[in-house]
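Note that the numbering used here has the sequence shown beginning at 2, numbered continuously upward.
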Amino acid sequence: MTKVNLMANGPLIVIGEHTVTHPDGSTEVKEARASYCRCGKSSNLPFCDGRHKGE
Ligand code: FES
């Protein structure tokens, strides 16, 4: 089963295989785990790069 964890003041973490559909329609499969940015500060959107922690 794929699980989704919402981290307080941080990313949305998806654990388990899932397919990401990007705004341009391209897709990619994540095999195990991925962290998705919810703050909009990541330089690697849609993925979290840790910038939500501040600099
Ligand atoms: S949630 Fe981590 S960089 Fe946005």
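Virtual Cβ for every residue (Gly too), placed ideally from N, Cα, C.
Give me the Cα-Cα distance between G26 and V15, rounded to the nearest whole angstrom.
Stepping through the sequence shown from its first residue, residue 26 is reached at position 25. Stepping through the sequence shown from its first residue, residue 15 is reached at position 14. Looking at the two C-alpha atoms, the distance is approximately 20 Å.
Closest by CA to E32, which one among F48, R52, H19?
Numbered from 1 along the sequence shown, position 31 holds the residue referred to as residue 32. Nearest C-alpha to E32: H19.
Just checking P12 against ligand 1 - is the residue's beta carbon closer than 7 Å to any of the ligand's heavy atoms?
Along the sequence shown, one-based indexing puts residue 12 at 11. Yes, the beta carbon of P12 sits closer than 7 Å to at least one heavy atom of ligand 1.
Is H23 a contact residue of ligand 1, with contact defined as CB to any heavy atom under 7 Å?
Stepping through the sequence shown from its first residue, residue 23 is reached at position 22. No, the beta carbon of H23 sits no closer than 7 Å to any heavy atom of ligand 1.
Ligand 1 heavy atoms versus the CB of S27: any closer than 7 Å?
Stepping through the sequence shown from its first residue, residue 27 is reached at position 26. Answer for S27: no, Cβ out of range of ligand 1.
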